[in-house]
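Residue numbers (the working numbering): 10 to 185.
1. Between residue 177 and residue 25, is the Cβ-Cβ spacing less than 8 Å?
2. Look up residue 148 in the DSSP assignment and say whether it is helix, strand or coil.
3. So residue 156 and residue 28 are supposed to be a Cβ contact under 8 Å. How far apart are they, rounded?
4. Could you tell me if residue 169 is buried or exposed, where buried requires 16 or more neighbouring beta carbons within 10 angstroms of its beta carbon?
5. Just reading off the alpha helix (DSSP H) that residue 169 is part of, what are its end residues?
6. Taking the CB atoms as reference points, tell me whether residue 56 and residue 144 lie closer together than 8 Å.
7. Among 134, 160, 51, 162, which residue has its Cα nearest to the Cα of residue 63?
8. Just mark residue 21 as buried or exposed, buried being the case when its beta carbon has 16 or more other beta carbons within 10 Å.
9. Counting only the same chain and skipping the five closest in sequence on each side, list residues whose C-beta sits under 6 Å from that of residue 36.
10. Taking the C-alpha atoms as reference points, what is the distance between residue 45 and residue 146?
11. What whole-angstrom Cβ distance do residue 171 and residue 43 have, given they're in contact under 8 Å?
12. Evaluate residue 52 with the Cβ neighbour count: other Cβ atoms within 10 Å of its Cβ, from every protein chain shown; 16 or more gives buried, anything less gives exposed.
13. Can you give me the C-alpha to C-alpha distance between residue 82 and residue 73, rounded to a whole angstrom?
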């Protein structure tokens with residue numbers, strides 16, 4: 010027959026090692042989850058930076074296009090004003106009326122472009138906010154990392170000791 014003390018010690022050892030192994034497994038899983046979350050955050054930050062770069066490049070290109078249009082309008086306005094002033098001496102119309110018409114048309118076009126720039130810049134502001142929200146969604150959807158408890162390990166180890174001792178004292182491991 011087997012030695013009851015050896016059986017009690019073996020039972021305790023198996024349960025204690027099993028509890029420790031479970032703890033180590035949970036600890037490794039928690040480390041892997043934390044590493045995956047860190048990588049997801051890095052990727053989200055990188056994507057956010059790339060989104061901002063793209064948005065800024067589009068905003069700059071849009072504003073440059075508008076600036077070119079405004080410059081062309083100003084150039085055409087100045088040319089039309091010069092022509093109107095030159096023509097005024099030849100009796101081809103009233104100078105003030107011609108200058109007013111040229112200035113009004115050019116300023117109207119410039120105001121339309123300025124309004125478009127303002128709208129465009131507002132859209133780019135919204136695009137930046139959307140990019141940030143996308144990054145935040147990644148952060149908010151990351152699973153919580155559940156670290157194993159040392160207290161749980163201690164309780165399971167203590168429980169194994171109590172169970173083995175109790176079973177030994179009841180004589181469940183055989184007779185001496």
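Here a beta-carbon is modelled for each residue, glycine too, at the ideal position from N, C-alpha and C.
Straight from the coordinates:
1. Counted from its first residue, the chain shown places residue 177 at position 168. Counted from its first residue, the chain shown places residue 25 at position 16. No. Outside cutoff.
2. By one-based count along the chain shown, residue 148 stands at place 139. Residue state, collapsed to three classes: helix.
3. By one-based count along the chain shown, residue 156 stands at place 147. By one-based count along the chain shown, residue 28 stands at place 19. The pair is not a contact, with the Cβ atoms about 16 Å apart (cut-off 8 Å).
4. Here residue 169 is taken as the residue at index 160 of the chain shown, counted from 1. Residue 169 comes out buried.
5. Residue 169 sits at position 160 when you count from the first residue of the chain shown. That run of the alpha helix (DSSP H) goes 159 to 179.
6. On the chain shown, position 47 is the one that residue 56 refers to. On the chain shown, position 135 is the one that residue 144 refers to. Cβ atoms of residue 56 and residue 144: closer than 8 Å.
7. The residue given as residue 63 occupies position 54 in the chain shown. Measuring from the Cα of residue 63, the nearest candidate turns out to be 134.
8. Here the question's residue 21 lines up with position 12 in the chain shown. With 16 or more other Cβ atoms within 10 Å, it is buried.
9. By 1-based counting over the chain shown, the position of residue 36 is 27. So the list reads 157, once near-sequence residues are dropped.
10. On the chain shown, position 36 is the one that residue 45 refers to. On the chain shown, position 137 is the one that residue 146 refers to. Those two C-alpha atoms are separated by around 16 Å.
11. In the chain shown, residue 171 corresponds to position 162, counting from 1. In the chain shown, residue 43 corresponds to position 34, counting from 1. Residue 171 to residue 43, Cβ: 34 Å. No contact.
12. Within the chain shown, numbered from 1, the residue matching residue 52 stands at position 43. Flag for residue 52 reads exposed.
13. As a first step, residue 82 is located in the chain shown; it is residue number 73 there, counting from the start. As a first step, residue 73 is located in the chain shown; it is residue number 64 there, counting from the start. Near 14 Å, if we compare the C-alpha coordinates of residue 73 and residue 82.
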